Amino acid sequence: MAKTLDLMFLGAPGSGKGTQAKILGERFNLKHVASGDLFRENLKNETELGKLAKSYMERGDLVPDDVTIAMLKDRLSRPDVQTGFMLDGFPRTIAQAEALGVMMAEMERHIAAVLYLNVPDDVIVERLSGRLICRNCQNPFHLTFNPPGKEGICDVCGGELYQRDDDKPETVRSRLKIYHIQTKPLVDYYSEKGALVEIDGAGGFSEITERLIEAVQQL
Ligand code: AMP
């Protein structure tokens, strides 16, 4: 059996981790598992989980840990992630990180590296305010940095592009505040475990992809 590689992305909302995680996932044949995408899918399908998560997501708040952890536990038990995954957006709190540690031990797997994309807040606000997402396949674009070939249309599947409610400026500021309080402590948490690989997330998009690929190749 092929060697399993499990990786995690850590970074602020808008650090570019979602787009980079997709690219790296394809490059290294790892299943991209994004908690935000899972929540948005539930929202779109109007599941019980989606209804529960809706109000938190609209405010830019974190969905409670127990709900989020249960959703990820279910996702990571499916067959398509058994040869390796790329976690994106989870964990976002110390409690989630601890729960993930337990899940990984139960599965007899371990996170080979936590790729921390470090981006200054002002760059993030600029990036998020231009972000567009495909309503159908969730692929992200950016008005300035990664524009679609045809305005408002997804290059990948032809779906309609939209701006997420939580990418509006007031919500972005609140999400960043929450990131600093709740998620940033994970940088120290994984650094103490010797798993953190810090990547400079400022600069050109493909330049950052190269830095990430190099970091993964060195694992
Ligand atoms: P994202 O696409 O990763 O920015 O996530 C969008 C929204 O989904 C967040 O603002 C939260 O409301 C919710 N969410 C995603 N991942 C998590 C998580 N690990 N813990 C709690 N809430 C989350």
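Just so you know, the sequence shown maps onto residues 9 to 227 in this note's numbering. Where is the CB? At the ideal position from N, CA and C, for every residue including glycine. Computed from a prediction, not measured in an experiment: that's the story for all the values here.
(request) Below 6 angstroms CB to CB, which residues in the same chain sit around G58 once its five sequence neighbours on both sides are set aside? (result) N50 and L51
(message) Beta-carbon within less than 7 angstroms of D129's beta-carbon, same chain only, minus the 5 sequence neighbours each way: which residues are those?
(response) L184
(message) Please list the terminal residues of the continuous beta strand (DSSP E) segment that includes D174.
(response) Element bounds for D174: n/a, residue is neither H nor E.
(message) Cutting at 6 angstroms between CB atoms, please list the residues of its own chain near T179, excluding the five before and the five after it.
(response) G68
(request) Measure the CB-CB distance between V122 and G22 and report whether it falls below 9 angstroms. (result) no
(request) Return the chain-ordered ranges of every alpha helix (DSSP H) run that is complete within the segment 188–226 and spans a minimum of 4 residues. (result) 193–200 and 213–225
(request) Could you work out which residue in Y198, G138, H188 and L46 is closest to M16 when comparing CA atoms only? (result) If we check each option's Cα against that of M16, Y198 comes out closest.
(message) Taking CB distances under 9 angstroms as the criterion, tell me whether L123 reaches chain D.
(response) Among the chains of the structure shown, chain D does not appear; only one protein chain is present.
(request) Count the other C-beta atoms from every protein chain shown that fall within 10 angstroms of the C-beta of R86, then say buried if there are 16 or more, exposed otherwise. (result) exposed
(request) Mind checking which residues open and close the alpha helix (DSSP H) that includes D73? (result) D73 to R83
(request) Alpha carbon to alpha carbon, how far is I207 from T217? Give it in angstroms, no decimals. (result) 10 angstroms
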